[in-house]
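**Q** Have a look at the structure that comes next, please.
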Amino acid sequence: MSHLENKIALITGGSRGLGRAIALAYAEAGADVAVTSRTLETCNEVVDAIRAKGRGAFAVEVDVSESESVAKMVEQTRKEFGRIDILVNSAGVGWAEKLADMSDGTFDWILKTNLYGTFYCCREALRGMIEQKSGSIINIASVAGIKGPPSLGAYAASKGGVIAMTKVLALENVRYNVRVNAIAPGYFRTDMNSAALDDPNAGPKIVGRIPMRRAANPEEIGGLAVYLASDEASFVTGEVYGISGGEMAL
Numbered sequence: 457m458s459h460l461e462n463k464i465a466l467i468t469g470g471s472r473g474l475g476r477a478i479a480l481a482y483a484e485a486g487a488d489v490a491v492t493s494r495t496l497e498t499c500n501e502v503v504d505a506i507r508a509k510g511r512g513a514f515a516v517e518v519d520v521s522e523s524e525s526v527a528k529m530v531e532q533t534r535k536e537f538g539r540i541d542i543l544v545n546s547a548g549v550g551w552a553e554k555l556a557d558m559s560d561g562t563f564d565w566i567l568k569t570n571l572y573g574t575f576y577c578c579r580e581a582l583r584g585m586i587e588q589k590s591g592s593i594i595n596i597a598s599v600a601g602i603k604g605p606p607s608l609g610a611y612a613a614s615k616g617g618v619i620a621m622t623k624v625l626a627l628e629n630v631r632y633n634v635r636v637n638a639i640a641p642g643y644f645r646t647d648m649n650s651a652a653l654d655d656p657n658a659g660p661k662i663v664g665r666i667p668m669r670r671a672a673n674p675e676e677i678g679g680l681a682v683y684l685a686s687d688e689a690s691f692v693t694g695e696v697y698g699i700s701g702g703e704m705a706l
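The sequence shown begins at 457 in our numbering and counts up one residue at a time.
Encoded structure:
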């Protein structure tokens, strides 16, 4: 599969979970990949795996909640690869707590990482994409941003904002041949969800709400992420794709 041959991808949160799965899928599809995380050490395994596939890869340290850190990340990626064709905003945090009990600090932390972080990354990457008149941005949102589950209010607000921002960015940049789409995952078996899924009380309840009666494996997001980044999706922008085992249909 070489749908992304000669493409350069920048993936935040690329060291684990969905970001890692997308990074490996992109390498398999022919892309060179900048893998980013808060710490370089966590990216090394992914970088090595990508290089083993014969593709270029390097690690970039970033805190997406800080605009200066994001600007440096984008600058380093352009210096290494010359340009950015694909941006995947996968870095994110989650927290379960009722809004009435939540502190300002927790709410700010979630919004700064998930919503502001996506904004900072899009803004910096778009400057080069607009200049080169091409690009694809994929924002990792969530079913929570559509359905509003209890005890996930801050997370839902952040991901709902990502969905709205995706649509605005798509319309603002369509004239530059830059496409912006979102993927809204349901429950995947990642580090963020493993504690809840493995809990003997919460786990069966979560899975019981999913029509397919299981959580997804991270690798199951790869095909959709490759498609949205590829030229096969040339008429696709401003869309939100659920990948939830049927949960979005409820």
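Beta carbons: idealized from backbone N, C-alpha and C, even for Gly.
Quick check: the Cα distance between serine 559 and glutamate 461, rounded to an integer number of angstroms?
**A** The sequence position of residue 559 within the sequence shown is 103, counting from 1. The sequence position of residue 461 within the sequence shown is 5, counting from 1. The alpha-carbon atoms of serine 559 and glutamate 461 are separated by roughly 46 Å.
**Q** Starting from aspartate 488, follow its DSSP beta bridges and name the residues at the other end.
**A** For the purposes of this step, residue 488 is identified with residue 32 of the sequence shown, where counting begins at 1. Aspartate 488 pairs with Ile464.
**Q** Quick one: residues in its chain with C-beta nearer than 6 Å to the C-beta of glutamate 703, no 5 flanking neighbours on either side, listed in chain order?
**A** As a working note, residue 703 is residue 247 in the sequence shown. Answer for glutamate 703: Val599, Gly642 and Ile666, listed in chain order.
**Q** In whole angstroms, what separates the C-alpha of alanine 705 from that of glycine 698?
**A** Walking along the sequence shown from the start, residue 705 turns up at place 249. Walking along the sequence shown from the start, residue 698 turns up at place 242. Spanning the two alpha carbons is a distance of roughly 9 Å.
**Q** Quick one: give me the first and last residue of the beta strand (DSSP E) that arginine 645 is part of.
**A** Here residue 645 corresponds to residue number 189 of the sequence shown, with the count starting at 1. That residue, arginine 645, is in no beta strand (DSSP E); it is neither H nor E in DSSP.
**Q** Less than 8 Å between the CB atoms is what I'm expecting for isoleucine 467 and serine 592, so what's the real figure, rounded?
**A** For the purposes of this step, residue 467 is identified with residue 11 of the sequence shown, where counting begins at 1. For the purposes of this step, residue 592 is identified with residue 136 of the sequence shown, where counting begins at 1. In fact, because the Cβ distance is near 12 Å, the residues do not count as touching under 8 Å.
**Q** Compare the C-alpha of proline 605 against each of Cys577, Pro656, Gly550 and Ala671 and name the closest.
**A** As a first step, residue 605 must be located in the sequence shown, where it is residue number 149. For proline 605, the nearest C-alpha among the options comes from Gly550.
**Q** Considering tyrosine 576, what are the terminal residues of the alpha helix (DSSP H) in which it resides?
**A** In the sequence shown, the residue the question calls residue 576 occupies position 120. Per DSSP, tyrosine 576 belongs to the alpha helix (DSSP H) from 573-588.
**Q** Taking just the CA atoms, how far does threonine 492 sit from aspartate 541?
**A** One-based indexing of the sequence shown puts residue 541 at position 85. One-based indexing of the sequence shown puts residue 492 at position 36. Cα to Cα, aspartate 541 sits roughly 16 Å from threonine 492.
**Q** Do you know how far the Cα of glycine 664 is from the Cα of alanine 670?
**A** As a first step, residue 670 is located in the sequence shown; it is residue number 214 there, counting from the start. As a first step, residue 664 is located in the sequence shown; it is residue number 208 there, counting from the start. A small fix is needed here, since residue 670 is arginine in this sequence, not alanine. Whole-angstrom Cα-Cα distance: 8 Å.
**Q** Contact between the segment 615-631 and the segment 673-688: three or more CB pairs below 8 Å?
**A** These segments do not touch.
**Q** The alpha helix (DSSP H) that contains glycine 591, what's its start and end?
**A** Position 135 of the sequence shown holds residue 591. Element bounds for glycine 591: not the alpha helix (DSSP H) but the beta strand (DSSP E), 591-596.
**Q** Examine chain D for any beta-carbon lying closer than 8 Å to the beta-carbon of glycine 604, and answer yes or no.
**A** This model lacks chain D altogether, as it is built from one protein chain only.
**Q** Applying the criterion that 16 or more other CB atoms from any shown protein chain within 10 Å of the CB defines a buried residue, is aspartate 647 buried or exposed?
**A** Translated into the one-based positions of the sequence shown, residue 647 becomes position 191. With fewer than 16 Cβ atoms within 10 Å of its Cβ, aspartate 647 is classed as exposed.
**Q** In the DSSP assignment, what residue or residues form a beta bridge with alanine 515?
**A** What you label residue 515 is simply residue 59 of the sequence shown in a count that begins at 1. Partner(s): Val491.
**Q** Among Pro660, Arg645 and Arg511, whose alpha-carbon lies nearest the alpha-carbon of valine 489?
**A** By 1-based counting over the sequence shown, the position of residue 489 is 33. The residue with the shortest Cα to Cα distance from valine 489 is Arg511.
**Q** If we require 3 or more residues per run, which beta strand (DSSP E) segments fall completely within the segment 606-659?
**A** Taking only runs of at least 3 residues, the beta strand (DSSP E) segments lying wholly in the segment 606-659 are 634-641.
**Q** Taking the alpha helix (DSSP H) that leucine 680 belongs to, which residues open and close that run?
**A** Start at 1 with the first residue of the sequence shown, and residue 680 comes out as number 224. Taken as a continuous stretch (DSSP letters only), the alpha helix (DSSP H) holding leucine 680 covers 678-685.
**Q** Name the residue from Lys528, Val520, Ala477 and Glu497 whose alpha carbon lies nearest to the alpha carbon of asparagine 673.
**A** By 1-based counting over the sequence shown, the position of residue 673 is 217. Measuring from the Cα of asparagine 673, the nearest candidate turns out to be Ala477.
**Q** Return the bridge partner residues of glycine 698 from the DSSP annotation.
**A** Walking along the sequence shown from the start, residue 698 turns up at place 242. Glycine 698 pairs with Ala640.
**Q** Looking at the secondary structure, which residues open and close the alpha helix (DSSP H) in which valine 530 lies?
**A** Mapped onto the sequence shown, residue 530 falls at position 74. Unbroken alpha helix (DSSP H) run through valine 530: 523-537.
**Q** Less than 8 Å between the CB atoms is what I'm expecting for leucine 652 and valine 618, so what's the real figure, rounded?
**A** On the sequence shown, position 196 is the one that residue 652 refers to. On the sequence shown, position 162 is the one that residue 618 refers to. The displayed chain sequence assigns alanine, not leucine, to residue 652. With 8 Å as the limit, alanine 652 and valine 618 do not qualify as a contact, their Cβ atoms being about 21 Å apart.
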